[in-house]
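Q: To start, I am sharing the structure in question, which I have written as structure tokens.
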Amino acid sequence: MKKSEFVDALAQATGQTKSGVEAVLDALPDAVMKGLKNGDAVTVPGIAKIDAKRRAARTVRNPATGATMQSPATTVAAIKPVKAFKDAVAKLKR
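Residues 48 to 141, numbered by the numbering used here, are exactly what the sequence shown covers, in order.
Structure representation (structure tokens):
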């Protein structure tokens, strides 16, 4: 589903205007990043919990050459679907 199709579906389901729905979708990434920068986990109700996890520095190996090197510590996104969403996806038939 493309963004325009998603906007259309949300506008129809909520009775809001397409421009209003699109404005909310455009503001969503900034709102999530603001929450993560404050050290909070952000829950998108009914879909997923988003958190920033710290990954420690570690030794890694280049599979092509076999050489080992040090990978620096990084912060990565951790997205965990909520149980109701996981259960609904598991029931999908493709």
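Think of the CB as a built atom: it goes at the ideal place given N, C-alpha and C, for glycine as much as any other residue.
#1: CA-CA distance, V89 and P76?
#2: Given a cut-off of 9 Å, decide if A78 and V129 are closer than it, judged by their beta-carbon atoms.
#3: If you scan the stretch 57-119 from start to end, which runs of the alpha helix (DSSP H) of 4 or more residues do you find wholly inside it?
#4: By Cβ distance, which residues of its chain are closer than 8 Å to T61, with the 5 residues on each side in sequence left out?
#5: For the beta strand (DSSP E) containing K140, name the first residue and the last one.
A: A quick look at the data gives this:
#1: Taking the straight line from one Cα to the other gives about 11 Å.
#2: Taking the C-beta atoms as reference points, A78 is found no nearer than 9 Å to V129.
#3: Taken in chain order, the complete alpha helix (DSSP H) segments of 4 or more residues contained in the stretch 57-119 are 65-84.
#4: Scanning its chain for C-beta atoms nearer than 8 Å, with the 5 sequence neighbours on each side dropped, one finds around T61 the residues V68, in chain order.
#5: First-last for K140: undefined, no H or E at that position.
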